[in-house]
Amino acid sequence: MEEEGRKLLEEGIRKKLISPGRGELSTFPNGTKVVFHYRSSLCDGTVLDDSRTMGGRSKPMELILGKKFKLAVWERIVITMRKGEVAEFTCDTKHTALYPLVSQSLRNISVGKDPLEGQRHCCGIAQIHSHHSLGHKDLDHLQANPQPLVFAIELLEVSQVMCGRSSPFLQDTL
Numbered sequence: 139m140e141e142e143g144r145k146l147l148e149e150g151i152r153k154k155l156i157s158p159g160r161g162e163l164s165t166f167p168n169g170t171k172v173v174f175h176y177r178s179s180l181c182d183g184t185v186l187d188d189s190r191t192m193g194g195r196s197k198p199m200e201l202i203l204g205k206k207f208k209l210a211v212w213e214r215i216v217i218t219m220r221k222g223e224v225a226e227f228t229c230d231t232k233h234t235a236l237y238p239l240v241s242q243s244l245r246n247i248s249v250g251k252d253p254l255e256g257q258r259h260c261c262g263i264a265q266i267h268s269h270h271s272l273g274h275k276d277l278d279h280l281q282a283n284p285q286p287l288v289f290a291i292e293l294l295e296v297s298q299v300m301c302g303r304s305s306p307f308l309q310d311t312l
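Sequential numbering from 139 applies to the sequence shown in the working numbering.
In structure tokens, the structure reads:
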């Protein structure tokens with residue numbers, strides 16, 4: 139476990155264990171479905187998003203590993219966790235630059251809107267450098283002033299799936 143912590147630090151990710159999980163650490167092959175609650179915040183503690191309260195309801199995030207989720211750091215950090223574990227990950231700016239766009243889509247989904255509503259038709263990096271509003275002042279500020287973020291993650295489920303629904307966040311890896 140110390141070796142994994144060292145690897146994360148070298149990658150610009152600091153893990154703080156809040157509550158240990160149970161059982162053995164999964165191998166997390168591509169196609170593994172992980173379900174987790176998350177809370178995203180600035181390093182000063184200002185909460186940006188919380189899956190337990192987003193859209194007025196508690197809905198955990200579901201992610202299929204190996205499908206190139208737009209926020210790759212989430213795939214990286216959940217594979218260091220056991221089922222039931224709660225941990226905080228402080229991630230350098232290089233891992234969080236796309237967070238405003240991902241957050242905008244997650245916020246849209248939480249209120250029943252199209253996840254791509256308000257996004258321009260260009261790649262994520264080009265969207266970051268464009269100067270249009272994301273429709274949320276906190277995300278506009280974060281997009282203009284990228285910074286490290288803290289992701290508190292509670293890993294709820296780990297399971298194997300053979301095929302999954304298409305999502306605007308995912309790409310097949312061929």
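We put the CB at the ideal spot given by N, CA and C, even for glycine.
- Message: For Arg245, which residues in the same chain have their Cβ closer than 6 Å to its Cβ, ignoring the five residues on either side in sequence?
- Response: The residue given as residue 245 occupies position 107 in the sequence shown. The same chain holds no residue with a CB closer than 6 Å to that of Arg245 once the five nearest residues on each side in sequence are set aside.
- Task: Assess, as a yes-or-no matter, whether the stretch 196 to 214 is touched by the stretch 161 to 171 under the definition of 3 or more beta carbon pairs within less than 8 Å.
- Result: With a cut-off of 8 Å on Cβ pairs, the stretch 161 to 171 is in contact with the stretch 196 to 214, counting three or more such pairs.
- Item | Segment contact, 8 Å Cβ cut-off, at least three pairs: the stretch 177 to 184 with the stretch 140 to 150 | Cβ pair count under 8 Å is below three, so no.
- Query: Beta carbon of Leu287, beta carbon of Val216: below 9 Å?
  - Reply: Here residue 287 refers to the residue found at position 149 when the sequence shown is read from its first residue. Here residue 216 refers to the residue found at position 78 when the sequence shown is read from its first residue. Cβ atoms of Leu287 and Val216: not closer than 9 Å.
- What are the boundary residues of the beta strand (DSSP E) that Arg177 is part of? In the sequence shown, counting from the first residue as 1, residue 177 sits at position 39. 170 to 180 is the span of the beta strand (DSSP E), which, as asked, contains Arg177.
- Task: Specify the secondary structure class of Leu147 as computed by DSSP and reduced to three states.
- Result: Counting from 1 along the sequence shown, the entry for residue 147 is found at position 9. DSSP, reduced to helix, strand and coil, places Leu147 within a helical segment of the structure shown.
- Message: Buried or exposed, going by whether 16 or more other CB atoms sit within 10 Å of the CB of Glu218?
- Response: Counted from its first residue, the sequence shown places residue 218 at position 80. The amino acid at residue 218 is misidentified as Glu; the sequence shows Thr. Per the 10 Å Cβ criterion, buried.
- Exposed unless 16 or more other CB atoms sit within 10 angstroms - verdict on Ala282: Here residue 282 refers to the residue found at position 144 of the sequence shown. Taking every protein chain shown into account, the CB of Ala282 has fewer than 16 other CB atoms within 10 angstroms, so this residue is exposed.
- Excluding the five sequence neighbours on either side, which residues of its own chain have a C-beta within less than 6 Å of the C-beta of Ser196, listed in chain order? For this step, residue 196 is matched to residue 58 along the sequence shown. Within its own chain, the residues whose Cβ lies closer than 6 Å to the Cβ of Ser196, once the five positions on either side in sequence are excluded, are Arg190, listed in chain order.
- Spell out the partners DSSP gives Val296 in its beta bridges. Walking along the sequence shown from the start, residue 296 turns up at place 158. DSSP links Val296 through a beta bridge to Val172.
- Rounded to a whole number of angstroms, what is the C-alpha to C-alpha distance between Gln265 and Gly150? For this step, residue 265 is matched to residue 127 along the sequence shown. For this step, residue 150 is matched to residue 12 along the sequence shown. Confidence is the limiting factor: at Gln265 the pLDDT is only 49, short of 50, which leaves the residue's position unreliable, though a coordinate-based value still follows. Our two residues, Gln265 and Gly150, have alpha carbons roughly 24 Å apart in a direct line.
- Can you list, in chain order, the residues of its chain whose CB lies under 6 Å from that of Ser248, leaving out five sequence neighbours each side? As a position in the sequence shown, residue 248 is number 110, starting the count at 1. Contacts found: Met192, Gly193.
- Span of the alpha helix (DSSP H), counted from its first residue to its last, around Ala236: The residue given as residue 236 occupies position 98 in the sequence shown. The question names Ala, but residue 236 is Leu in the sequence shown. Segment: none, Leu236 is in no alpha helix (DSSP H) and carries neither H nor E.
- Message: Can you tell me which residues form a DSSP beta bridge with Glu200?
- Response: Taking the first residue of the sequence shown as position 1, residue 200 is located at position 62. Residue pairing by DSSP places Glu200 opposite Val173 in a beta bridge.
- Item | Which of helix, strand or coil DSSP assigns to Ile266 | Walking along the sequence shown from the start, residue 266 turns up at place 128. Unreliable positioning characterises Ile266 in this predicted model, as indicated by a pLDDT of 48, which lies under 50. The coordinate reading is nonetheless provided below. Here Ile266 carries a helix assignment [DSSP, helix/strand/coil].
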